[in-house]
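Note that the UniProt record's numbering gives residue 104 to position 104 of the sequence shown, counting from 1, and the numbers run on in steps of one. Notes for the one structure printed next.
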Amino acid sequence: MLEGRQELREQIARLMLDGGSTVAANEIVITNGCHGALSLALLSVCQPGDIVAVESPSFHGTMQMLRGFNIKAIEIPTDPQTGISIEALELALEQWPIKAVILVPNCNNPLGFIMPGGA
């Protein structure tokens with residue numbers, strides 16, 4: 001796997017250190033965007049047949065990616081004013097062996113909202 005340009009990864013590590021996080025440049029992976037980053041993250045924690053929770057409605061590209069990886073999606077109701085239903089998410093976590101939760105906190109597609117600060 002290509003991790004990305006070394007100089008860029010080192011600069012990001014320095015910026016993170018300035019923000020109080022200690023991360024080595026070799027722990028940083030540069031991707032071409034959200035879809036690539038989400039793919040890598042999911043493949044690091046999920047196997048085919050695993051279950052993840054997603055906001056509903058959810059971006060069709062995310063749903064296509066999950067189908068391509070043979071990962072099942074449990075849709076959790078999401079409101080543009082209040083965000084994801086915490087009660088529904090808790091219930092899903094009790095009922096299913098959910099490996100990951102995919103949330104889009106800003107510029108949500110398709111709802112077009114920013115997750116409230118208290119969510």
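Glycine residues also receive a C-beta, built at the ideal position from the N, C-alpha and C atoms.
Check whether the stretch 42 to 53 touches the stretch 11 to 29, taking contact to mean three or more Cβ pairs, one atom from each stretch, closer than 8 Å.
no
Which full runs of the alpha helix (DSSP H) of 4+ residues lie inside the stretch 39 to 118, going along the chain?
Whole alpha helix (DSSP H) segments, 4+ residues: 60 to 68 and 86 to 95.
Give the straight-line distance between the Cα atoms of L111 and G61, rounded to the nearest whole angstrom.
Counted from its first residue, the sequence shown places residue 111 at position 111. Counted from its first residue, the sequence shown places residue 61 at position 61. Going by the C-alpha atoms only, they are around 14 Å apart.
Pick out whichever of I76, P80, Q81 and K99 has its Cα sitting closest to the Cα of A88.
Your numbering for residue 88 matches position 88 in the sequence shown. Ranking I76, P80, Q81 and K99 by Cα distance to A88 puts I76 first.
For the alpha helix (DSSP H) holding residue 139, just list the boundary residues, first then last.
Since the first residue of the chain shown is 1 and the last is 119, residue 139 is not available in this structure.
If the criterion is Cβ atoms closer than 8 Å, does the pair P48 and N70 meet it?
Translated into the one-based positions of the sequence shown, residue 48 becomes position 48. Translated into the one-based positions of the sequence shown, residue 70 becomes position 70. Cβ distance < 8 Å, so P48 and N70 count as in contact.
Using 8 Å for Cβ pairs, my map puts I86 next to A92. What's the rounded Cβ distance?
Here residue 86 is taken as the residue at index 86 of the sequence shown, counted from 1. Here residue 92 is taken as the residue at index 92 of the sequence shown, counted from 1. About 11 Å separates the two Cβ atoms, so there is no contact after all.
Hey, out of E94, I74 and F59, whose CA is closest to C107's CA?
For this step, residue 107 is matched to residue 107 along the sequence shown. Here the closest residue by C-alpha is F59.
Please classify E27: does DSSP put it in a helix, a strand, or coil?
Against the sequence shown, residue 27 aligns to sequence position 27. In the structure shown, E27 adopts helical secondary structure according to DSSP, grouped into three states.
Spatial neighbours of T22 within its chain, please: C-beta separation below 8 Å, excluding the five flanking residues on both sides.
Indexing the sequence shown from 1 puts residue 22 at position 22. Excluding sequence neighbours, T22 sits near M16.
State yes or no: is the C-beta of C46 within less than 8 Å of the C-beta of A100?
By 1-based counting over the sequence shown, the position of residue 46 is 46. By 1-based counting over the sequence shown, the position of residue 100 is 100. Yes. Within cutoff.
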